[in-house]
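A.B. asks: Here the protein sequences come in this chain order: B and C. Take the first sequence: its position 42, counting from 1, is numbered 42 in the working numbering, and each next residue is one higher. Throughout, the working numbering is defined as the position within the second sequence, counted from one, plus 1000. Let me give you the structure first, and then I'll get to my questions.
There are 2 protein chains.
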Amino acid sequence: MDRADVNGVTARADVCSKAMTAPETRNERKERTRRALLDAALGLASERGFAGLSLREITKQAGVVPTAFYRHFESMDELGVTLVEESMRTLRTMIRGARNTPDGSADLIRASVRTLSEHVRSHEEHYWFLVRERYGGTGAVRQTIGVELKLLAGELAVDLARFDRLRDWSTEDLHMLADLIVSAMLATALELLEAPPGATAEITAEAERQLRLIFLGVPHWRTT
Amino acid sequence: MDRADVNGVTARADVCSKAMTAPETRNERKERTRRALLDAALGLASERGFAGLSLREITKQAGVVPTAFYRHFESMDELGVTLVEESMRTLRTMIRGARNTPDGSADLIRASVRTLSEHVRSHEEHYWFLVRERYGGTGAVRQTIGVELKLLAGELAVDLARFDRLRDWSTEDLHMLADLIVSAMLATALELLEAPPGATAEITAEAERQLRLIFLGVPHWRTT
DNA sequence: CGATTCAGTGAACGACTGTACACTCAATAT
DNA sequence: ATATTGAGTGTACAGTCGTTCACTGAATCG
């Protein structure tokens, strides 16, 4: 039995023949298979890459016939972009989490790296998708990620501007620093994804030291 | 006419019916179509990603019938690994070029970034392949690149150890620094590939400043 | 209540995929 | 001069692909 039986039609018909636990409106069910399609695509893409999966495969995994796909997405590209937006939302909540650490935190770097690490671990598929398609993707998907990532670096730059030591830096320099941090953290995310869970501590330790080194240079930078 | 006519059989037969410009041994011709296959695959993969190309497509572009593929490679995976090795060789010669800048160079960072930039520009397909498959790739290809990249970071660490300021750093710290540099430079390479040639100066300038910032922190690092 | 809407079905299409097999015929080896 | 080798050919097959179309039937609407 391969069919995932998303909306459980058969099961429901068996269990509650009168009216019990399924006061499911039509829109709810539509939304449910939509989610099933997205989840199936995300799961498969995080293993094999978005380019390497087929419409038929996704629908099969979602427990739906191939043609049903078109009731929800106009094309694979549209589904891809939706996935990007979703994953990006995940990433953004991570950044927000890192930003909201208690202001006078004894060790802000450690807290941030920890946030990143935990978030990656608990949203592996989203991060796999982002990291893979950022570089390996094609067309619309990769470009969307690139733009969103630049935007995110921009937000980070604004955050950085609030620190005392960075108060008088030029925006150019702040962006340079933000880009550097994003690059390093993206690489860290990939290492976390690839390595066994046991290596987490080691990887985060290195990421931490990298950030620390970067910030050691900050007081000696002569902004332009 | 789509056939690339790699080994120019037809043309040769027409032009020099007796014996003129083609004293081509059998092995030479075999090597030639092998190259044609590799080039075709590299070209297509740098646009669409290695996962998204087919054997038939490669052979068509190489001007050869699909089944001929198997005379040169056992599978697509073998071709992929060959491509990785080749691209890695390219990358290595780049590093060597950066290392061999005159020892007391006034500005080693600038020279290194310049070397990177020029090398990326003149080997775009190799770098596209590396960057794409490093993250987006599947199975053997991605893993091979990951290992090779770690090795390369190791070499870089050894190079770094020769600098006065880094002489007393622990190997751990040197690796941490090397990884950071590799991450930043990989991101730079991707930006160079994605941006129009006109933006080269801007991108290299940022990369330069990032490296400069990193090295500003070096004298203040307390090694473990 | 009957009429309508529309998510999901199932068969069919033409195009493309990787691979098996028997072949040709020029470059080599004897 | 003859035999052998092997790179490249051509046909064929069983799958999978995306997409079309007419359809069913339950939830919704009037």
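We put the beta carbon where it would ideally sit given N, CA and C, even for glycine.
Just by C-beta distance, which residues in the stretch 129-163 of chain B are closer than 8 Å to chain C?
C.D. replies: Val131, Arg132, Glu133, Arg134, Tyr135, Gly136, Gly137, Thr138 and Gly146
A.B. asks: Who are the neighbours of C:Arg1048 on chain B, taking C-beta pairs under 7 Å?
C.D. replies: Within the second sequence, numbered from 1, the residue matching residue 1048 of chain C stands at position 48. Those within 7 Å of C:Arg1048 in chain B are Thr138.
A.B. asks: Got a sec: is the Cβ-Cβ distance from B:Gln210 to anything in chain C below 8 Å?
C.D. replies: Working through the first sequence from its first residue, we reach residue 210 of chain B at position 210. With 8 Å as the cut-off, B:Gln210 counts as an interface residue toward chain C.
A.B. asks: Using a Cβ-Cβ cut-off of 7 Å (strictly less than) and excluding sequence neighbours within five positions of C:Asp1159, which residues of its own chain qualify?
C.D. replies: The sequence position of residue 1159 of chain C within the second sequence is 159, counting from 1. Hits under 7 Å: Arg1099.
A.B. asks: Is the beta carbon of B:Arg114 closer than 8 Å to that of B:Thr204?
C.D. replies: Against the first sequence, residue 204 of chain B aligns to sequence position 204. Against the first sequence, residue 114 of chain B aligns to sequence position 114. Yes, they are a contact pair.
A.B. asks: What distance in whole Å lies between the Cβ atoms of B:Tyr135 and C:Leu1151, which are believed to be in contact at a cut-off of 8 Å?
C.D. replies: The residue given as residue 1151 of chain C occupies position 151 in the second sequence. The residue given as residue 135 of chain B occupies position 135 in the first sequence. Rounded to the nearest angstrom, the Cβ distance from C:Leu1151 to B:Tyr135 is 20 Å, too far for a contact under 8 Å.
A.B. asks: If the cut is a Cβ gap below 7 Å, which residues of chain C does B:His220 touch?
C.D. replies: In the first sequence, the residue the question calls residue 220 of chain B occupies position 220. Neighbours of B:His220 on chain C, chain order: Leu1216.
A.B. asks: Applying the criterion that 16 or more other CB atoms from any shown protein chain within 10 Å of the CB defines a buried residue, is C:Ser1117 buried or exposed?
C.D. replies: As a position in the second sequence, residue 1117 of chain C is number 117, starting the count at 1. C:Ser1117 is buried by the Cβ-count criterion.
A.B. asks: In this structure, how does DSSP classify C:Ser1017 when only helix, strand and coil are distinguished?
C.D. replies: Your numbering for residue 1017 of chain C matches position 17 in the second sequence. Summary for C:Ser1017: the model assigns pLDDT 40, below 50, so the residue's position carries little reliability; its value from the coordinates is reported in the next sentence. In the structure shown, C:Ser1017 adopts coil according to DSSP, grouped into three states.
A.B. asks: For B:Leu53, which residues from the same chain have a beta carbon less than 8 Å from its beta carbon, with the 5 sequence-adjacent residues on both sides left out?
C.D. replies: If you number the first sequence from 1, residue 53 of chain B lands on position 53. Ala41, Leu44 and Ala45, listed in sequence order.
A.B. asks: List the residues of chain B that C:Glu1194 touches, going by C-beta distances under 8 Å, in chain order.
C.D. replies: Working through the second sequence from its first residue, we reach residue 1194 of chain C at position 194. The answer, in chain order, is Gly146.
A.B. asks: Please report the residue range of the alpha helix (DSSP H) in which C:Thr1223 lies.
C.D. replies: The count along the second sequence starts at 1 and reaches residue 1223 of chain C at position 223. Taken as a continuous stretch (DSSP letters only), C:Thr1223 belongs to no alpha helix (DSSP H), as it is neither H nor E.
A.B. asks: Within this structure, are the beta carbons of C:Gly1049 and B:Ala51 separated by less than 8 Å?
C.D. replies: For the purposes of this step, residue 1049 of chain C is identified with residue 49 of the second sequence, where counting begins at 1. For the purposes of this step, residue 51 of chain B is identified with residue 51 of the first sequence, where counting begins at 1. In contact: C:Gly1049 and B:Ala51 (Cβ atoms closer than 8 Å).
A.B. asks: Using a threshold of 8 Å, state whether the C-beta atoms of C:Ala1157 and C:Leu1180 are closer than that.
C.D. replies: Here the question's residue 1157 of chain C lines up with position 157 in the second sequence. Here the question's residue 1180 of chain C lines up with position 180 in the second sequence. Note that the C-beta distance between C:Ala1157 and C:Leu1180 is not below 8 Å.
A.B. asks: What number of angstroms, rounded off, separates the C-alpha of B:Glu133 from the C-alpha of C:Arg1089?
C.D. replies: As a working mapping, residue 133 of chain B is identified with position 133 in the first sequence. As a working mapping, residue 1089 of chain C is identified with position 89 in the second sequence. B:Glu133 and C:Arg1089: Cα-Cα distance of roughly 25 Å.
A.B. asks: Mind checking if B:Leu180 is an interface residue toward chain C, Cβ cutoff 8 Å exclusive?
C.D. replies: Position 180 of the first sequence holds residue 180 of chain B. For B:Leu180, at least one C-beta of chain C is nearer than 8 Å to its own C-beta.
A.B. asks: Just to confirm my understanding: we take C:Arg1056, look at its own chain, exclude 5 residues before and 5 after, and list those with CB closer than 7 Å. What are they?
C.D. replies: As a first step, residue 1056 of chain C is located in the second sequence; it is residue number 56 there, counting from the start. Here the set comprises Pro1066.
A.B. asks: So, helix, strand or coil for C:Trp1128, using DSSP?
C.D. replies: Here the question's residue 1128 of chain C lines up with position 128 in the second sequence. Here C:Trp1128 sits in helix by DSSP.
A.B. asks: Could you give the DSSP three-state label for C:His1119: helix, strand or coil?
C.D. replies: The residue given as residue 1119 of chain C occupies position 119 in the second sequence. Three-state DSSP puts C:His1119 in a helix.
A.B. asks: C:Gly1217 and B:Leu216: beta carbons closer than 8 Å?
C.D. replies: Counted from its first residue, the second sequence places residue 1217 of chain C at position 217. Counted from its first residue, the first sequence places residue 216 of chain B at position 216. Yes; because the gap between Cβ atoms is below 8 Å, this pair is in contact.
A.B. asks: Identify the contact partners of C:Met1176 in chain B, using a Cβ-Cβ distance below 7 Å as the criterion.
C.D. replies: By 1-based counting over the second sequence, the position of residue 1176 of chain C is 176. Identification of chain B residues near C:Met1176 by a Cβ-Cβ cut-off of 7 Å yields Glu206, Arg209 and Gln210, ordered along the chain.
A.B. asks: Taking all protein chains shown into account, do 16 or more other C-beta atoms lie within 10 angstroms of the C-beta of B:Phe129, making it buried, or fewer, making it exposed?
C.D. replies: If you number the first sequence from 1, residue 129 of chain B lands on position 129. Answer is buried; the Cβ neighbour count reaches 16.
A.B. asks: Report all residues from its chain with a CB closer than 7 Å to the CB of C:Val1009; omit the five preceding and five following residues, and keep chain order.
C.D. replies: As a working note, residue 1009 of chain C is residue 9 in the second sequence. For C:Val1009, the predicted structure reports a pLDDT of 47, less than 50, and the residue's modelled location is therefore unreliable. A value from the coordinates is still provided. Here the set comprises nothing.
A.B. asks: Nearest-angstrom Cα distance between B:Pro219 and B:Arg212?
C.D. replies: Your numbering for residue 219 of chain B matches position 219 in the first sequence. Your numbering for residue 212 of chain B matches position 212 in the first sequence. The alpha-carbon atoms of B:Pro219 and B:Arg212 are separated by roughly 12 Å.
A.B. asks: What residues in its chain sit with their C-beta under 6 Å from that of B:Glu148, if we drop five residues either side in the sequence?
C.D. replies: Your numbering for residue 148 of chain B matches position 148 in the first sequence. Contacts found: Met88.
A.B. asks: Going by other Cβ atoms of all chains shown within 10 Å of its Cβ, with 16 needed for buried, is C:Leu1195 buried or exposed?
C.D. replies: Taking the second sequence and counting its residues from 1, one reaches residue 1195 of chain C at position 195. A quick correction: the sequence has Ala, not Leu, at residue 1195 of chain C. Classification of C:Ala1195: exposed, given that the 10 Å Cβ count is below 16.
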